[in-house]
Amino acid sequence: MNVDHVIVTTSPAETHDLGVRLGRRLGPGQVIALHGDLGAGKTALAQGIAAGLGVSEPITSPTFTLINQYRTAAGIPLAHVDCYRLGESRAEAQREAATIGVEELLADEELIVLIEWGELIADLLPTDYLDIVLVPVEDAPEHRRIVLTAHGGQSQQLLQALVEHTKLSSV
Ligand SMILES: Nc1ncnc2c1ncn2[C@@H]1O[C@H](COP(=O)(O)OP(=O)(O)OP(=O)(O)O)[C@@H](O)[C@H]1O
Ligand SMILES: [Mg+2]
Numbered sequence: 002m003n004v005d006h007v008i009v010t011t012s013p014a015e016t017h018d019l020g021v022r023l024g025r026r027l028g029p030g031q032v033i034a035l036h037g038d039l040g041a042g043k044t045a046l047a048q049g050i051a052a053g054l055g056v057s058e059p060i061t062s063p064t065f066t067l068i069n070q071y072r073t074a075a076g077i078p079l080a081h082v083d084c085y086r087l088g089e090s091r092a093e094a095q096r097e098a099a100t101i102g103v104e105e106l107l108a109d110e111e112l113i114v115l116i117e118w119g120e121l122i123a124d125l126l127p128t129d130y131l132d133i134v135l136v137p138v139e140d141a142p143e144h145r146r147i148v149l150t151a152h153g154g155q156s157q158q159l160l161q162a163l164v165e166h167t168k169l170s171s172v
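Residue numbering for the sequence shown is 2 to 172, as defined by our numbering.
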């Protein structure tokens, strides 16, 4: 059974910091799916993850480019994918994602992949990935409820390591 871990951050800096702590623990083959409405903080978290991985270039939203690629300090390639603009329907989004090579990125054991709006190409997601949902908190504009769910062994180990060093609650 998958256990959700929840953290509430109270500022963009705290979300960034959670990303840093996660990024420091990432290894090749890890896929992370980020979900949340516009302005939820997906890019803020992705920037923290990249910082934790020691990516020196600034990370920007791949909204128009669809895929941005970086190299981490340890030399691991990092792909940042945004599925938001793919296709009008789920079927079309999956076809387009396959056309631009997202399937290969997700299957590449050498890569770390951050994927935004991955729910649009749910059938292409691997069996092992860490799912992260960011949700605004009512009446608290600077708060975000961040729910982390591990699917598969590699992601479970990753989340366990993060939980042991962070104040995360299980639900
Ligand atoms: N706790 C928080 N964590 C993250 N961002 C926060 C928080 N509180 C406020 N914010 C603000 O919310 C916005 C988050 O923007 P960000 O670009 O990261 O969202 P996004 O999910 O990537 O949106 P989009 O889908 O439009 O790309 C920023 O302006 C940030 O300052
Ligand atoms: Mg963004």
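Note that beta-carbon positions come from the ideal geometry of N, C-alpha and C, so glycine has one too. These numbers were taken from a predicted model, which means no experiment stands behind them.
Outcome for residue i when other beta-carbon atoms lying within 10 angstroms are tallied against a minimum of 16
i: H81; result: buried
i: V114; result: buried
i: H166; result: exposed
i: T66; result: exposed
i: T64; result: exposed
i: A94; result: buried
CB contact flag (residue i, residue j, <9 Å)
i: H36; j: W118; result: yes
i: A51; j: I116; result: no
i: L107; j: L131; result: no
i: Q155; j: Q31; result: yes
i: L112; j: P137; result: no
i: D124; j: H152; result: no
i: A41; j: L135; result: yes
i: D83; j: S62; result: yes
i: T11; j: I147; result: no
i: A74; j: S90; result: no
When the options are compared against residue i, the one with the closest alpha-carbon
i: I122; options: V136, A141, E97 and K43; result: E97
i: A14; options: H144, L149 and H152; result: H144
i: E105; options: V164, A92 and I68; result: I68
i: G88; options: I8, V164 and E120; result: E120
i: Y85; options: K43, E110, P59 and R72; result: K43
i: N3; options: I133, P142 and D140; result: I133
heavy atom of ligand 3 below 8 Å from residue i C-beta
i: R145; result: Ligand 3 is not part of this structure, which contains only ligand 1 and ligand 2.
Check whether the segment 41-52 touches the segment 94-103, counting contact only when three or more Cβ pairs, one atom from each stretch, lie closer than 8 Å.
no
Are the segment 51-69 and the segment 16-30 touching, with three or more C-beta to C-beta distances below 8 Å?
yes
Given 8 Å, three or more beta-carbon pairs between the segment 143-161 and the segment 24-33
Using a Cβ-Cβ distance cut-off of 8 Å, the segment 143-161 and the segment 24-33 are in contact, since at least three pairs of beta carbons, one from each stretch, lie closer than that value.
Closer than 6 Å from C-beta to any heavy atom of ligand 2: which residues, in chain order?
That gives K43, T44 and S62.
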